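Step one of this worksheet: look at the structure below.
Residue numbers (our numbering): 160 to 283.
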């Protein structure tokens, strides 16, 4: 199955390598090199997957997003999803990016508000 994938990576060599591997697997791929372009591209083309450099310039890593905002940006207004579905997605992302998903240090919960990315942590 072919997917439309957005690669947001400021290192041009890494971005090109990722793009070539994805295209070889049959996916359509768009590459951007900063956070503002990644947001604009994600809003306009609604990719199936985003490969995101967590330290991407212009990505505002300490901004807090509510469940409702995340649901709106991922599903739009027309989808029949609940805000709690975002928790499941967050849990799955943490399994991929956190050294210990039960004690997140990169994708953290801001209790009563939502979630935020926190930069500066090295994941082995």
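Glycine included, each C-beta is placed from N, C-alpha and C at the ideal position. On a predicted model such as this, the values are computed, not experimentally measured, just so you know.
Closest by C-alpha distance to residue i, when choosing among the options
i	options	result
residue 268	231, 234, 224	224
residue 198	243, 167, 252, 230	167
residue 248	233, 258, 259	233
residue 274	183, 227, 211	227
residue 215	178, 162, 171	171
residue 255	184, 195, 211, 181	211
Within 9 Å, strictly: CB atoms of residue i and residue j
i	j	result
residue 169	residue 193	yes
residue 222	residue 276	yes
residue 209	residue 201	yes
residue 250	residue 260	yes
Alpha-carbon to alpha-carbon, residue j and residue i
i	j	result
residue 204	residue 262	33 Å
residue 265	residue 174	22 Å
residue 188	residue 271	36 Å
residue 164	residue 179	12 Å
residue 161	residue 177	16 Å
residue 241	residue 230	8 Å
Quick one: complete beta strand (DSSP E) runs, 3+ long, within the stretch 170 to 258?
187 to 191, 208 to 211
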